[in-house]
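Protein chains in written order, with numbering that gives the first Met the number 0: chain H, 0 to 346; chain X, 0 to 120.
We put the CB at the ideal spot given by N, CA and C, even for glycine.
Note that the structure is a prediction, hence the values are computed from the model and not measured.
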Amino acid sequence: MNQPNTEPIYPPTTFALLMPYLAAVGKHLPNHRKNDILAELGANLQAAMEDREEELGHPLTLEEQAAMLRAHGHPFEVAMRYQPQRALIGPLFGIYWYTLKRATPLVILFAFATQLMLAFVSPESGSLMYRLGLVPYVLFLFWAVTTAVFAGLDYGVTHYVGAMRLTAQWDPMKLLQEQPRPVLHGVAPKHPIVDLIADAAALLWLVAVPHFPVLLFFGPAARLFHIEATPIWHRMFAPIAALLLTRLVLKAIAIGRRHSARRTGLLYVAADLCSVVALALLVLPGEALFTITAGVPAETETGIQFGIMMGLRVALAAASLAATWKLWQTMRLSGPADGVRGTAVCL
Amino acid sequence: METILPTPEVAESLTLELRRGSLVLAVLAALQQEHYGYTLRKALAERGLEMEESTLYPLLRRLETQGLLTSEWREEDKRRKRFYRLSATGVIVFEKLLAEYAGLTSALERILASSAVVTKE
Chain H
0 MNQPNTEPIY PPTTFALLMP YLAAVGKHLP NHRKNDILAE LGANLQAAME
50 DREEELGHPL TLEEQAAMLR AHGHPFEVAM RYQPQRALIG PLFGIYWYTL
100 KRATPLVILF AFATQLMLAF VSPESGSLMY RLGLVPYVLF LFWAVTTAVF
150 AGLDYGVTHY VGAMRLTAQW DPMKLLQEQP RPVLHGVAPK HPIVDLIADA
200 AALLWLVAVP HFPVLLFFGP AARLFHIEAT PIWHRMFAPI AALLLTRLVL
250 KAIAIGRRHS ARRTGLLYVA ADLCSVVALA LLVLPGEALF TITAGVPAET
300 ETGIQFGIMM GLRVALAAAS LAATWKLWQT MRLSGPADGV RGTAVCL
Chain X
0 METILPTPEV AESLTLELRR GSLVLAVLAA LQQEHYGYTL RKALAERGLE
50 MEESTLYPLL RRLETQGLLT SEWREEDKRR KRFYRLSATG VIVFEKLLAE
100 YAGLTSALER ILASSAVVTK E
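The structure is reproduced here in structure tokens:
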């Protein structure tokens with residue numbers, strides 16, 4: 000295939016609905032194929048519109064453009080037809096995948112919160128590590144049940160209901176009411192879901208450290224030392240865990256699509272501030288975070304302690320600077336801080 | 000015995016099934032000549048085969064992924080378009096499909112003709 004340039008070429012503005020339509024289709028297309036598909040779709044639809052103009056003998060009105068786009072299909076349906084065909088879930092695969100992507104972080108969050116709560120409220124139901132070990136099972140169960148439900152729905156739709164027609168209730172004219180969405184370069188993560196999962200893993204690590212202090216080290220070094228967590232871990236554990244959990248919740252809220260760009264930015268700034276405070280709680284008292292009871296001379300231990308503390312201080316300074324920079328970027332965005340218009344694109 | 004009438008959805012679903020294979024054959028046949036999406040759709044419609052755009056364009060991509068088509072971005076009328084045509088593999092597959100189709104059609108014609116005789120009697 001000869002593909003010299005696949006940047007979408009949008010038609011002149013006479014087709015006022017075409018560009019927002021292509022953008023709406025693009026929202027549901029995989030990134031690596033998006034530009035190529037949109038360029039081709041745009042060229043085909045524009046050719047069809049030009050033919051229609053020739054046929055009617057006048058430039059297409061908005062209503063005539065809307066009628067053509069309605070006949071072409073709802074953006075979601077159109078995008079789904081470009082997805083590969085699958086055996087278990089066919090026409091509904093797009094909705095199934097969308098549901099999994101949206102719900103998985105919330106399920107992780109919910110499972111974490113529930114297991115943490117159970118571990119503290121009812122210790123006889125199992126140790127904290129045992130309870131947190133159940134989170135992957137909850138996730139697996141959620142995936143299994145969702146897949147089974149969608150497989151059943153897909154069978155029903157395919158065999159009894161026929162193709163789902165979102166188009167019937169869809170009005171292309173509404174595309175014109177959608178505002179261009181400000182892009183949050185550098186403020187929000189490029190892959191918010193992955194970022195959320197990484198945060199959940201970090202929280203899991205933190206929760207595990209008081210029970211397994213060796214987790215403070217990674218790699219072969221961990222096996223060489225006999226490490227014990229110092230009291231500061233136990234003293235600061237609850238506030239730090241609460242801060243990181245709050246950070247997780249704030250990021251989960253920020254993923255919602257109905258926020259303004261400024262509100263999304265502020266949510267990420269608030270999440271960053273949580274980590275700044277958490278780091279400060281760990282670093283500012285100036286106490287050692289662990290003791291090495293065997294295997295290394297005292298000077299070596301002092302060196303390691305100093306290195307770790309210095310690393311954490313640098314991390315604290317970097318996190319503070321990053322939060323300040325993000326706050327400045329967010330405040331520069333125009334638009335309401337709490338409105339629902341002009342939703343943000345996370346990049 | 001009570002006759003249960005099939006729902007319109009059943010007939011629609013069977014019609015879709017019947018059309019699906021024929022559409023691929025028609026697209027492969029038309030793409031012995033180079034076309035971009037919209038002109039291909041027009042060419043098919045002019046010969047009596049109406050096809051939804053949102054069905055045809057993804058189908059072209061799928062056939063290309065399967066190696067049956069090749070495509071090329073080219074400028075025409077000051078606008079870049081993606082032109083498709085049958086690949087070497089596509090030609091072989093098309094010939095096989097055509098032979099299968101011919102066999103099926105003649106068998107069906109015989110079956111339909113004999114059933115017409117039975118119905119008349």
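Rounded straight-line distance, which links the Cα of residue j to that of residue i
{"i": "X/GLU49", "j": "H/LEU138", "result": "46 angstroms"}
{"i": "X/ALA101", "j": "X/ARG19", "result": "17 angstroms"}
{"i": "H/THR146", "j": "H/LEU133", "result": "20 angstroms"}
{"i": "H/ALA78", "j": "H/ILE36", "result": "9 angstroms"}
{"i": "X/LEU30", "j": "H/GLN82", "result": "23 angstroms"}
{"i": "X/LEU97", "j": "X/THR104", "result": "10 angstroms"}
{"i": "H/LEU21", "j": "H/GLY41", "result": "7 angstroms"}
{"i": "H/LEU320", "j": "H/LEU311", "result": "14 angstroms"}
{"i": "H/TRP96", "j": "H/ALA102", "result": "10 angstroms"}
{"i": "X/VAL90", "j": "X/GLU71", "result": "18 angstroms"}
{"i": "H/PHE217", "j": "X/LEU15", "result": "Since pLDDT at H/PHE217 reaches only 46, below the 50 mark, its modelled position is unreliable, and the value read off the structure follows with that caveat. Going by the C-alpha atoms only, they are around 58 angstroms apart."}
{"i": "H/TRP327", "j": "H/HIS57", "result": "50 angstroms"}
{"i": "X/ILE110", "j": "H/LEU55", "result": "46 angstroms"}
{"i": "X/SER86", "j": "H/THR263", "result": "49 angstroms"}
{"i": "H/ASP194", "j": "H/VAL248", "result": "12 angstroms"}
{"i": "H/MET18", "j": "H/ASN34", "result": "13 angstroms"}
{"i": "H/GLU300", "j": "H/THR290", "result": "8 angstroms"}
{"i": "H/PHE305", "j": "H/PHE111", "result": "33 angstroms"}
{"i": "X/ARG60", "j": "X/LEU39", "result": "13 angstroms"}
{"i": "H/PHE75", "j": "H/ALA23", "result": "8 angstroms"}
{"i": "X/ALA10", "j": "H/GLY155", "result": "16 angstroms"}
{"i": "X/LYS45", "j": "X/GLN32", "result": "The residue you asked about is not Lys; residue 45 of chain X is Glu in the sequence shown. The straight-line gap from Cα to Cα measures roughly 15 angstroms."}
{"i": "H/GLN64", "j": "H/GLN168", "result": "17 angstroms"}
{"i": "X/LEU22", "j": "X/THR64", "result": "17 angstroms"}
{"i": "H/VAL144", "j": "H/THR98", "result": "12 angstroms"}
{"i": "H/ASN30", "j": "X/LEU62", "result": "21 angstroms"}
{"i": "H/ALA297", "j": "H/ILE303", "result": "10 angstroms"}
{"i": "X/LEU107", "j": "H/TRP142", "result": "46 angstroms"}
Supposed contact pair residue j and residue i - C-beta distance, whole angstroms, cut 8 angstroms
{"i": "X/LYS77", "j": "X/TYR35", "result": "No, X/LYS77 and X/TYR35 are not in contact; Cβ-Cβ is about 14 angstroms, not under 8 angstroms."}
{"i": "H/LEU315", "j": "H/VAL268", "result": "Incorrect: roughly 16 angstroms between the Cβ atoms, too far for contact."}
{"i": "H/GLY93", "j": "H/HIS27", "result": "7 angstroms"}
{"i": "X/LEU68", "j": "X/TYR56", "result": "X/LEU68 to X/TYR56, Cβ: 12 angstroms. No contact."}
{"i": "H/ALA207", "j": "H/MET128", "result": "7 angstroms"}
{"i": "H/ALA201", "j": "H/LEU175", "result": "Not a contact, Cβ separation roughly 43 angstroms."}
{"i": "H/PHE114", "j": "H/LEU131", "result": "Checking the displayed sequence, the identity of residue 114 of chain H turns out to be Gln instead of Phe. So it is a contact: roughly 6 angstroms between Cβ atoms."}
{"i": "X/TYR37", "j": "H/ALA38", "result": "No, X/TYR37 and H/ALA38 are not in contact; Cβ-Cβ is about 13 angstroms, not under 8 angstroms."}
Beta-carbon gap between residue i and residue j smaller than 7 angstroms
{"i": "H/ALA355", "j": "H/THR323", "result": "Outside the modelled stretch of chain H, which goes from 0 to 346, sits residue 355 of chain H, for which no answer is possible."}
{"i": "H/PRO104", "j": "H/ILE192", "result": "yes"}
{"i": "X/SER53", "j": "H/ARG80", "result": "yes"}
{"i": "H/LEU332", "j": "H/ALA260", "result": "yes"}
{"i": "H/ALA251", "j": "H/LEU266", "result": "no"}
{"i": "H/LEU278", "j": "H/PRO171", "result": "no"}
{"i": "H/ALA318", "j": "H/VAL275", "result": "yes"}
{"i": "H/LEU61", "j": "H/PHE149", "result": "no"}
{"i": "H/LYS100", "j": "H/VAL186", "result": "no"}
{"i": "H/ILE239", "j": "H/LEU203", "result": "no"}
{"i": "H/ALA44", "j": "H/GLU52", "result": "Ala is not the amino acid found at residue 44 of chain H; the sequence shown has Leu there. Taking 7 angstroms as the Cβ cut-off, H/LEU44 and H/GLU52 do not qualify as a contacting pair."}
{"i": "H/CYS273", "j": "H/ARG234", "result": "no"}
{"i": "H/ALA197", "j": "H/ILE107", "result": "no"}
{"i": "X/LEU27", "j": "X/PHE93", "result": "yes"}
{"i": "H/MET67", "j": "H/PHE14", "result": "no"}
Where residue i falls: helix, strand or coil (DSSP)
{"i": "X/PHE82", "result": "strand"}
{"i": "X/THR14", "result": "helix"}
{"i": "H/LEU202", "result": "helix"}
{"i": "H/LEU247", "result": "helix"}
{"i": "H/PHE236", "result": "helix"}
{"i": "X/LEU97", "result": "helix"}
{"i": "H/THR229", "result": "coil"}
{"i": "H/CYS273", "result": "helix"}
{"i": "H/LEU133", "result": "coil"}
{"i": "H/PRO171", "result": "helix"}
{"i": "H/LEU332", "result": "coil"}
{"i": "H/PHE305", "result": "helix"}
{"i": "X/LEU111", "result": "helix"}
{"i": "H/LEU16", "result": "coil"}
{"i": "H/LEU21", "result": "helix"}
{"i": "H/GLU298", "result": "helix"}
{"i": "X/LEU68", "result": "strand"}
Inside the segment 6 to 65 of chain X only - alpha helix (DSSP H) runs reaching at least 4 residues: Fully enclosed alpha helix (DSSP H) runs of 4 or longer: 7 to 29, 36 to 45 and 52 to 64.
Could you name each continuous alpha helix (DSSP H) segment of 4 residues or more that falls completely within the segment 23 to 111 of chain H, going from the start of the chain to the end? Within the segment 23 to 111 of chain H, the complete alpha helix (DSSP H) runs of at least 4 residues are 30 to 55, 61 to 71 and 74 to 80.
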